[in-house]
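Trainee:
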Amino acid sequence: MAQWLDTAPQWILDLPKGLSDFCYKIFKCFIFDDRYMMFVKGLGNTLILTFFALLIGIALGVIVSLVRVTWDKNGLEMKSGPRKFFLGLANLVCRIYLTVIRGTPVVVQILIYYFVIMTSSDKITTGIVAFGINSGAYVAEIMRSGIMSIDGGQNEAGRSLGFGYVSTMRYIILPQAFKNVLPALANEFIVLLKETAVAGYIGLPDLAYAGSIIGGNTYEYLIPLVFGVALVYLILVMFFTWLVGRLERRMRANER
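Sequential numbering of the sequence shown, starting at 3, is according to our numbering.
(1) Please identify the residue among 201, 63 and 143 whose C-alpha is closest to the C-alpha of residue 124.
(2) Using C-beta distances below 6 Å, list every residue in its chain close to residue 187, excluding the 5 sequence neighbours before and after it, in chain order.
(3) Might you give, ordered along the chain, the residues of its own chain that have their beta carbon closer than 7 Å to the beta carbon of residue 203, omitting 5 neighbours on each side?
(4) Go through its chain and collect everything with a Cβ distance to residue 104's Cβ below 6 Å, but skip five positions before and after it.
(5) Can you say whether residue 116 is buried or exposed, counting buried as having 16 or more other CB atoms within 10 angstroms of its CB?
(6) With DSSP as the reference, label residue 165 as helix, strand or coil.
(7) Report the rounded CA-to-CA distance for residue 66 versus residue 182, giving the unit in angstroms.
(8) Which runs of the alpha helix (DSSP H) fall wholly inside the region 26-66 and span at least 4 residues, in chain order?
(9) If residue 210 sits next to residue 137, beta carbons under 8 Å apart, how far is it from one beta carbon to the other, in whole angstroms?
(10) If residue 47 and residue 208 are in contact, beta carbons under 8 Å, what's the gap, nearest whole angstrom?
(11) Buried or exposed: residue 63, going by 16 or more other Cβ atoms within 10 Å of its Cβ?
(12) Going along the chain, which residues of its own chain have a beta-carbon closer than 6 Å to the beta-carbon of residue 41, five neighbours each way excluded?
(13) Would you kindly work out how many angstroms separate the C-alpha atoms of residue 255 and residue 166, rounded to a whole number?
(14) Would residue 179 be called buried (16 or more neighbouring beta carbons within 10 Å of its own) or exposed?
(15) Could you tell me the alpha carbon to alpha carbon distance between residue 253 and residue 245, rounded to whole angstroms?
(16) Would you say residue 91 and residue 206 are within 9 Å of each other, going by their C-beta atoms?
(17) What did DSSP end up calling residue 154 once you bin it into helix, strand or coil?
(18) Who are the near neighbours of residue 197 in its chain, counting only those whose CB is closer than 8 Å to its CB and skipping five residues on each side?
(19) Go to residue 210, then tell me how far its alpha helix (DSSP H) extends in each direction, as first and last residue.
(20) Are the CB atoms of residue 58 and residue 130 within a distance shorter than 9 Å?
(21) For residue 228, count neighbouring Cβ atoms within 10 angstroms of its own Cβ and tell me buried if that reaches 16, exposed if not.
(22) Start and end of the alpha helix (DSSP H) containing residue 230?
(23) Just mark residue 4 as buried or exposed, buried being the case when its beta carbon has 16 or more other beta carbons within 10 Å.
(24) Pull up the CB-CB distance for residue 89 and residue 72, whole angstroms please, since I reckon it's below 8 Å.
(25) Alpha carbon to alpha carbon, what distance is there between residue 148 and residue 239?
(26) Whole angstroms is fine: what's the gap from residue 261's alpha carbon to residue 61's?
Here's what the structure looks like:
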């Protein structure tokens, strides 16, 4: 404490008692020894983790949703053979994947990836993969509902234009499905942003981890966790929620 008092600006020490104590805590948690840089680095890691995990989640979710939709629409009507067998097997794998990922806590999943599956990978890569695979299970259901919401006549229209099943999905169904579920995907980004706060369980220096470390070093948890972590998350969520609302309004305006 003596070192902090020696380096604290004199104007903080000259303030009235209550205000001086509060400003001193701010100085101790954020200014002293450039501790604010831990929050800056943590925020960067949080955003990187969320962004790339969502990209993996979308790619994985689209694949899983296509397998599920294809089986639901055509599986029972297909003739027995290798094509039906492999499609059925893929559908079974997808169902197991959805059940396991959606039925277990994300913090348990990331611990398994870090300590069991990806022991030789760095923490940020492990986090991206773990959260990406977790997000994919939820994106898959979002995309599946979006594809199922497209009128069946769109498939017939694609066939009448000479498109096969894959081409119809690629050029006609999926673009419309993405448009319909874009707000839901944006909301998934917000949910994923908050879920990444558990990345500190594997020692990944994200925003929440920075607040925890600084709280332990200063024995002052209120200031770093409230002003350095919770407030930043709240601002980010409010900002992205505003963007989602604006996106939804623009999409409704375009439909008119």
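From the three backbone atoms N, C-alpha and C, an ideal C-beta is built for every residue, glycine too. Since we're looking at a predicted model, the values are computed, not measured.
Mentor: Looking at the coordinates:
(1) Stepping through the sequence shown from its first residue, residue 124 is reached at position 122. Ranking 201, 63 and 143 by Cα distance to residue 124 puts 201 first.
(2) Within the sequence shown, the letter at position 185 stands for residue 187. Closer than 6 Å at Cβ, skipping near neighbours: no residue.
(3) Residue 203 sits at position 201 when you count from the first residue of the sequence shown. Excluding positions up to five away in sequence, the list reads 109, 112 and 113.
(4) Taking the first residue of the sequence shown as position 1, residue 104 is located at position 102. So the qualifying residues of the chain are 139.
(5) Residue 116 sits at position 114 when you count from the first residue of the sequence shown. Residue 116 is buried by the Cβ-count criterion.
(6) In the sequence shown, residue 165 corresponds to position 163, counting from 1. Note: residue 165 maps to coil in three-state DSSP.
(7) Taking the first residue of the sequence shown as 1, we reach residue 66 at position 64. Taking the first residue of the sequence shown as 1, we reach residue 182 at position 180. Taking the straight line joining both Cα atoms gives about 18 Å.
(8) Runs found: none.
(9) If you number the sequence shown from 1, residue 210 lands on position 208. If you number the sequence shown from 1, residue 137 lands on position 135. 18 Å between Cβ atoms; not a contact.
(10) Sequence index remark: in the sequence shown, residue 47 carries index 45 (1-based). Sequence index remark: in the sequence shown, residue 208 carries index 206 (1-based). Residue 47 to residue 208, Cβ: 5 Å. Contact.
(11) Here residue 63 refers to the residue found at position 61 when the sequence shown is read from its first residue. With 16 or more other CB atoms across the displayed protein chains lying within 10 angstroms of its CB, residue 63 is buried.
(12) For the purposes of this step, residue 41 is taken as residue 39 along the sequence shown, with counting starting at 1. Hits under 6 Å: 212 and 230.
(13) On the sequence shown, position 253 is the one that residue 255 refers to. On the sequence shown, position 164 is the one that residue 166 refers to. The alpha-carbon atoms of residue 255 and residue 166 are separated by roughly 33 Å.
(14) One-based indexing of the sequence shown puts residue 179 at position 177. Buried.
(15) Numbered from its first residue, the sequence shown carries residue 253 at position 251. Numbered from its first residue, the sequence shown carries residue 245 at position 243. Between residue 253 and residue 245, the C-alpha separation is close to 12 Å.
(16) As a working note, residue 91 is residue 89 in the sequence shown. As a working note, residue 206 is residue 204 in the sequence shown. Cβ distance not < 9 Å, so residue 91 and residue 206 don't count as in contact.
(17) By 1-based counting over the sequence shown, the position of residue 154 is 152. DSSP places residue 154 in coil when its eight states are reduced to three.
(18) Position 195 of the sequence shown, counted from the first residue, corresponds to residue 197. Taken in chain order, the residues that qualify are 108, 133 and 136.
(19) The residue given as residue 210 occupies position 208 in the sequence shown. From DSSP, the alpha helix (DSSP H) with residue 210 extends over 209-220.
(20) Your numbering for residue 130 matches position 128 in the sequence shown. Your numbering for residue 58 matches position 56 in the sequence shown. Going by beta carbons, residue 130 and residue 58 fall inside the 9 Å limit.
(21) For this step, residue 228 is matched to residue 226 along the sequence shown. Residue 228 comes out exposed.
(22) Taking the sequence shown and counting its residues from 1, the one referred to as residue 230 is at position 228. That residue, residue 230, is in no alpha helix (DSSP H); it is neither H nor E in DSSP.
(23) To locate residue 4, count along the sequence shown from 1; it is residue 2. Confidence at residue 4 is low in this model, with a pLDDT of 46, below 50, so the placement of that residue is unreliable and no value is reported for it.
(24) The sequence position of residue 89 within the sequence shown is 87, counting from 1. The sequence position of residue 72 within the sequence shown is 70, counting from 1. Cβ-Cβ separation between residue 89 and residue 72: approximately 7 Å, consistent with a contact (criterion under 8 Å).
(25) As a first step, residue 239 is located in the sequence shown; it is residue number 237 there, counting from the start. As a first step, residue 148 is located in the sequence shown; it is residue number 146 there, counting from the start. Distance between the alpha carbons of residue 239 and residue 148 is about 24 Å.
(26) Because the chain spans 3 through 258 in this model, residue 261 falls outside it and cannot be assessed.
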